[in-house]
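Asker: Start counting the first sequence at 3; every next residue gets the next number (the working numbering). Beta carbons: idealized from backbone N, C-alpha and C, even for Gly. Note that the structure is predicted; figures quoted are calculated from it, not measured.
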Amino acid sequence: MSSDQAPKKELAAVKGTHDILPGEVEIWQKVETTATRLFESYGYRELRAPIIEHTELFEKGTGRTTDVVTKEMYTFVDKGGRSITLRPEYTPSVARAIVEHRLDLLGTPMRYYYIGPMFHYDKPQKGRYRQFHQIDVEVFAEKDPAVDAEIIEMADTLLRVLGVAETEILVNSVGCKACRPGYSRALRAQAEKVRGGLCEDCRRKIDINPLRIFDCKVELCRALAKEFPQIMEFLCSECRDHFAEVRKYLGLAGIPHRVEPNLVRGLDYYTKTAFEVINRGGGQQNAVLGGGRYDDMMKDFGGPDICGIGFACGVERLIAMLSFKPEPRKFVYVVHAGDAAKAKAVELARLFRVGGVETLVEFAGRGFKSQFGRADKLGASWVLIIGEDELAKGEFLLKDMATGTQTSGSPRVLLAALQGRVG
RNA sequence: GUGGGUGUAGCUCAACCGGUUAGAGCAUCGGACUGUGGAUCCGAAGGUUGGGGGUUCGAGUCUCCUCACCCACCCCA
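Next comes the structure, spelled out in structure tokens:
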């Protein structure tokens, strides 16, 4: 019946998902290779986890009370009766892999990165898609604040190397199990006093998670929140020292940042350091990167007591800020006419490719003129000409499309000339 | 999940107050031009006006439903 009503529906991409076509995919490749090289230079290694996990992993890891878990997961029952979820975030998968493979006993640094798709069942809008992509970085078993600064430095460097401007790094500490309850109580008490002035959502937040009142965009709420106690005054000495050290190392690294006492994270597991990179010029979905420390997550969901810290960067949001124009490719277009020339075209193209030269052969059977037109339109740097004369001589013409000059020579001579000129 | 906006050719857009066969530019393909690109000229192809119902003698136009996209709330990277 759906096919009667909307015959084209099955031929369209699923709502909130997108094809990344040639022309745009080069930007993705640039971002991916840049991030990969950068992270590897810090000693981080790629850890690839499956796209699907047991639903329970996110319920325990991300948190049963979070919006992500309660209403935004792609969850289904597989044929074996298991509840399976398309990962909404990556951190729980890495934690799971560590426990499953006892990576903590290997003695190797537990510094991992990954770039791949995540899934949220949300209503799509700008900067928010059902399948989106994240660059994810995680460090485990490093409780030293210097590592907090290290990954913030990596995040900042990634953005700078990619040429992203107009961003700002916000940092905060959200405390720990020892000190945050006290702060929550103080916050709740203060919020209760001004309950009548708060919006409906914020009144609900008073009981659930008063810290999230700081996220509200309603003018009056923001004004009232300014008078609320600040977490810095409530941090225990350990958290206070930790935060001071993070800032010290950020300062030594020359990383500009702003302490934002109202910065809170959406996921339950964060402790101590929380940070975010926002796009100043961006619209509503202006958080391009966010993360923090989660020292209790592993233990809380039944694993070993290993602390962690990490961040996730939204690739779509990152790319939206890029003005990067990919370099035009340098390649050879082979013009050929006749069966013998076609066979020779295939042979020489193979030779060129082995020699590291990108070479395109088409078989549409066009005339010479039309083939040159194709080569021009596709942006070929050179045209290799294979016709009867060339076949007879065993020497072929190579035309430089920019200058129009043609040189004749054996395939190996021509290849050698090209090899010096391809990037 | 809740609101608002927009859907016409591959792309960007026309089409009066509801009125004949829904047009143009770009792109595509072909020809002028049978071994040499960008230009020019000529031609062709391309559409169930997102889909479905309703009103009407007549709907791209009005109306309802639906789908998709965009924007905001919400959430978050």
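Find out if the Cβ-Cβ distance for the pair tyrosine 114, valine 96 is shorter than 9 angstroms.
Answerer: Residue numbering aside, residue 114 sits at position 112 when the first sequence is read from its first letter. Residue numbering aside, residue 96 sits at position 94 when the first sequence is read from its first letter. Yes; because the gap between Cβ atoms is below 9 angstroms, this pair is in contact.
Asker: Anyone know if the C-beta pair for valine 359 and phenylalanine 374 falls short of 9 angstroms?
Answerer: Here residue 359 corresponds to residue number 357 of the first sequence, with the count starting at 1. Here residue 374 corresponds to residue number 372 of the first sequence, with the count starting at 1. No, Cβ-Cβ distance for valine 359 and phenylalanine 374 is not below 9 angstroms.
Asker: To the nearest angstrom, how far is the alpha carbon of leucine 200 from that of leucine 222?
Answerer: Along the first sequence, one-based indexing puts residue 200 at 198. Along the first sequence, one-based indexing puts residue 222 at 220. C-alpha separation (whole angstroms): 7 angstroms.
Asker: Tell whether a beta-carbon distance below 9 angstroms holds between arginine 423 and lysine 346.
Answerer: Against the first sequence, residue 423 aligns to sequence position 421. Against the first sequence, residue 346 aligns to sequence position 344. No, they are not a contact pair.
Asker: Report the option in Ile308, Phe277 and Ser383 whose CA atom is closest to the CA atom of glutamate 329.
Answerer: Residue mapping note: residue 329 aligns to position 327 of the first sequence, counting from 1. Selected option, being the one with the closest Cα: Ser383.
Asker: Below 9 angstroms between beta carbons: does that hold for leucine 164 and phenylalanine 313?
Answerer: For the purposes of this step, residue 164 is taken as the residue at position 162 of the first sequence. For the purposes of this step, residue 313 is taken as the residue at position 311 of the first sequence. No. Outside cutoff.
Asker: If we count the other Cβ atoms within 10 Å of its Cβ and call it buried at 16 or more, is isoleucine 210 buried or exposed?
Answerer: If you number the first sequence from 1, residue 210 lands on position 208. Burial call: exposed.
Asker: Only counting the same chain, and skipping five residues up and downstream in sequence, which positions put a Cβ closer than 7 angstroms to that of arginine 190?
Answerer: On the first sequence, residue 190 is found 188 positions in, with the first residue counted as 1. Excluding residues within five positions, the ones whose Cβ falls inside 7 angstroms are Ile208 and Pro212.
Asker: Within the chosen definition, does the region 155-174 reach the region 270-290 through at least 3 CB pairs nearer than 8 angstroms?
Answerer: Flag = yes, the region 155-174 and the region 270-290 touch.
Asker: Any idea if histidine 56 is buried or exposed, counting beta-carbon neighbours within 10 angstroms, 16 or more meaning buried?
Answerer: What you label residue 56 is simply residue 54 of the first sequence in a count that begins at 1. When all chains shown are included, histidine 56 counts as exposed.
Asker: What residue from Phe121, Gly367, Ala322 and Ala148 has the CA that sits closest to valine 337's CA?
Answerer: Along the first sequence, one-based indexing puts residue 337 at 335. Cα-wise, what sits closest to valine 337 is Gly367.
Asker: Which class does alanine 394 belong to by DSSP, given the choice of helix, strand or coil?
Answerer: Counted from its first residue, the first sequence places residue 394 at position 392. Correct three-state label for alanine 394: helix.
Asker: Under three-state DSSP, which class holds serine 372?
Answerer: Sequence index remark: in the first sequence, residue 372 carries index 370 (1-based). Note: serine 372 maps to helix in three-state DSSP.
Asker: Should valine 356 go down as buried or exposed, given a rule of 16 or more other Cβ atoms within 10 Å for buried?
Answerer: Counting from 1 along the first sequence, the entry for residue 356 is found at position 354. That one is exposed.
Asker: Who pairs with lysine 401 in a beta bridge, going by DSSP?
Answerer: Position 399 of the first sequence holds residue 401. Bridge partners of lysine 401: Val385 and Gln408.
Asker: For proline 263, collect the residues of the same chain with a Cβ closer than 7 angstroms to its Cβ; drop the 5 residues on either side in sequence, then sort them by chain order.
Answerer: Within the first sequence, numbered from 1, the residue matching residue 263 stands at position 261. Contacts found: Asn174, Gln232, Ile233 and Met234.
Asker: Please classify glycine 253: does DSSP put it in a helix, a strand, or coil?
Answerer: For the purposes of this step, residue 253 is identified with residue 251 of the first sequence, where counting begins at 1. Helix at glycine 253.
Asker: Can arginine 295 and cysteine 309 be called in contact, C-beta distance under 9 angstroms?
Answerer: As a working note, residue 295 is residue 293 in the first sequence. As a working note, residue 309 is residue 307 in the first sequence. Taking 9 angstroms as the Cβ cut-off, arginine 295 and cysteine 309 qualify as a contacting pair.
Asker: Ordered along the chain, which non-local residues of its own chain (more than five positions away) have a Cβ less than 7 angstroms from that of phenylalanine 121?
Answerer: Start at 1 with the first residue of the first sequence, and residue 121 comes out as number 119. Counting only Cβ-Cβ distances below 7 angstroms, and skipping sequence neighbours, we find Tyr76, Leu88, Arg89, Pro90, Arg132 and Gln133.
Asker: Residues bridged to histidine 56 by DSSP?
Answerer: Counting from 1 along the first sequence, the entry for residue 56 is found at position 54. DSSP output for histidine 56 lists Ile86 as bridge partner(s).
Asker: Quick check for students: name the residue ranges of the beta strand (DSSP E) that lie wholly in the region 173-237, counting only runs of 3 or more.
Answerer: You should have found no qualifying run.
Asker: Between which residues of its own chain and methionine 214 is the CB-CB distance below 7 angstroms, once the five residues before and five after are set aside?
Answerer: On the first sequence, residue 214 is found 212 positions in, with the first residue counted as 1. The residue you asked about is not methionine; residue 214 is arginine in the sequence shown. For arginine 214, where only same-chain residues beyond five positions count, the Cβ hits under 7 angstroms are Lys207 and Val266.
Asker: For isoleucine 153, collect the residues of the same chain with a Cβ closer than 8 angstroms to its Cβ; drop the 5 residues on either side in sequence, then sort them by chain order.
Answerer: Within the first sequence, the letter at position 151 stands for residue 153. Hits under 8 angstroms: Val139, Val141, Gly293, Ile311, Gly312 and Phe313.
Asker: Between isoleucine 117 and glutamate 34, is the Cβ-Cβ spacing less than 9 angstroms?
Answerer: By 1-based counting over the first sequence, the position of residue 117 is 115. By 1-based counting over the first sequence, the position of residue 34 is 32. Yes.
Asker: What residue ranges within the region 265-349 form continuous beta strand (DSSP E) runs of no fewer than 3 residues, ordered along the chain?
Answerer: Entirely contained in the region 265-349, the beta strand (DSSP E) runs reaching 3 residues are, in chain order, 273-281, 289-295, 310-316 and 334-338.
Asker: Compare the Cα-Cα distances from proline 126 to each of Val79, Gly83, Pro94 and Glu74 and report the closest residue.
Answerer: Along the first sequence, one-based indexing puts residue 126 at 124. Proline 126 has its Cα closest to that of Glu74, out of Val79, Gly83, Pro94 and Glu74.
Asker: What are the residues that DSSP puts in a beta bridge with glutamate 433?
Answerer: Nothing can be reported for residue 433, as the shown portion of the chain is limited to 3 through 425.
Asker: Among the residues of its own chain, which have a CB less than 6 angstroms from the CB of aspartate 307, if the five just before and after it don't count?
Answerer: Counting from 1 along the first sequence, the entry for residue 307 is found at position 305. Lys301, listed in sequence order.
Asker: Could you tell me whether the Cβ atoms of aspartate 298 and cysteine 178 are closer together than 9 angstroms?
Answerer: Working through the first sequence from its first residue, we reach residue 298 at position 296. Working through the first sequence from its first residue, we reach residue 178 at position 176. Against a cut-off of 9 angstroms, the Cβ pair of cysteine 178 and aspartate 298 comes out as a contact.
Asker: Less than 9 angstroms separating the beta-carbons of phenylalanine 245 and leucine 237?
Answerer: Taking the first sequence and counting its residues from 1, the one referred to as residue 245 is at position 243. Taking the first sequence and counting its residues from 1, the one referred to as residue 237 is at position 235. Yes, the pair counts as a contact, with Cβ atoms nearer than the cut-off.
Asker: Whose C-beta lies closer than 7 angstroms to the C-beta of arginine 39 among residues of the same chain, with five residues either side of it excluded?
Answerer: What you label residue 39 is simply residue 37 of the first sequence in a count that begins at 1. Excluding positions up to five away in sequence, the list is empty.
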